[in-house]
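Residue 26 is where the sequence shown starts when you use the working numbering, and the numbers rise one by one after that.
The block underneath contains the structure these notes are about, expressed in structure tokens.
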Amino acid sequence: MANANNFAYKGANSDYSDKFDLFVVKASGGLAVQGDLDDPESAEGLGIGAAVTVGVNLDVLPVDKIGPIDLSKMDLFVSFMSYNIDQDFDDTNIEGDLSHFAVSGRYQIVDGVEFIPGSMLKWGGVFLHTGFQKSSSKITAIQSIADDNISVGAGAGAYITNTTASFDIEASTLSVPIEVSTYIRAAYVFTLFGGAGFDIVNGTSDASLNAGGTVSGTGATSTYAATVSANESDSGEADVTNMRVFGGMQFNLPLFRVYAQMNSGIGNDLIGLNVGAKILW
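As structure tokens, this is what we get:
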């Protein structure tokens, strides 16, 4: 759970498919799974995330350089979100909160090349990204199982349940990513981008199940009533390091973009998707 919680925000905290002159504002959502996608029931962890990111090119400062750093090639991003996900689905009530905060920097280490003017064919160059990301999620799912008939065999009768189950998940991670990215823009409206990243992660997760209630009914020869309960809990820690690759596609309009990015762990079974829209100048 801690690994997936951290992975769900990959793609939200920086920009991988544009070079802007002044600012960018981006809204994005992410989903990550650790496990075999061919067998969803075997998934070891699930993470969801959403964020709003604001980026500024540091050429707005009154100086051109700080030492060897050219500020026109340097972008600073702040990403944040605090969101309540309370929902009701039939007999299930879900309560939870997501929170996220990140500060990232991006520096263009290799200049881009415009092969055909007007962004008809342009290589964006190579960018180095780093910063820190702190995210957490707390979700409680409560399900009421009432008046459900349980058949226990021919002639054995049927029983009625009246139980409630509560499943709690809590995950918190702090990570420092180091990423390299590049992109190609073609025919003005399409951008392909990709890169690789390395994360240093400190994270924990806790999960617990608490259920209880009654089962009653009339059997083949007698009346039956019982109290049932289940109580289990466990905790874990995120992997200290994680390597990953990512790639995606963006659709470009003047000042406006929409994109989708896939993230895949190296040496593990983490997979994630980040989608979003942005306005830039």
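Even for Gly, the Cβ is constructed at its ideal location relative to N, Cα and C.
From the DSSP output, which residues share a beta bridge with residue i?
i	result
V317	For residue 317 there is no data in the structure shown, the boundaries of the chain being 26 and 306.
A285	M274, V300
Y208	F218
P202	D224
A255	A236
N82	D100
K163	D122, E195
W148	V138, I209
A76	S53
L153	Y132, V205
G60	According to DSSP, which records beta bridges pairwise, G60 is partnered with nothing at all.
State the Cα-Cα distance for the pair residue i and residue j, rounded to the nearest angstrom.
i	j	result
I164	M145	46 Å
S162	P142	46 Å
V88	G80	19 Å
G74	G297	11 Å
S160	A29	11 Å
F114	E139	52 Å
A190	D264	30 Å
E204	Q133	12 Å
K90	S104	25 Å
F281	T252	59 Å
L83	S230	37 Å
A27	G228	6 Å
L96	F102	14 Å
L324	I167	Lying outside 26 to 306, the shown extent of the chain, residue 324 is not represented and no answer is given.
V240	A250	6 Å
With burial defined as no fewer than 16 other Cβ atoms inside 10 Å of the residue's Cβ, what is the status of residue i: buried or exposed?
i	result
F276	exposed
I346	The structure shown does not extend to residue 346, since the chain spans only 26 to 306, so no value can be given for it.
N288	buried
F152	buried
D40	buried
M268	exposed
Q59	buried
L47	exposed
E262	exposed
State yes or no: is the C-beta of residue i within less than 9 Å of the C-beta of residue j?
i	j	result
G72	N31	yes
S258	S233	yes
K98	F271	no
T266	V226	yes
V77	K51	yes
I170	G238	yes
T155	G137	no
Is it the case that the segment 262-277 contacts the segment 206-222, given that we only count it when at least three CB pairs across the two stretches are under 8 Å? yes
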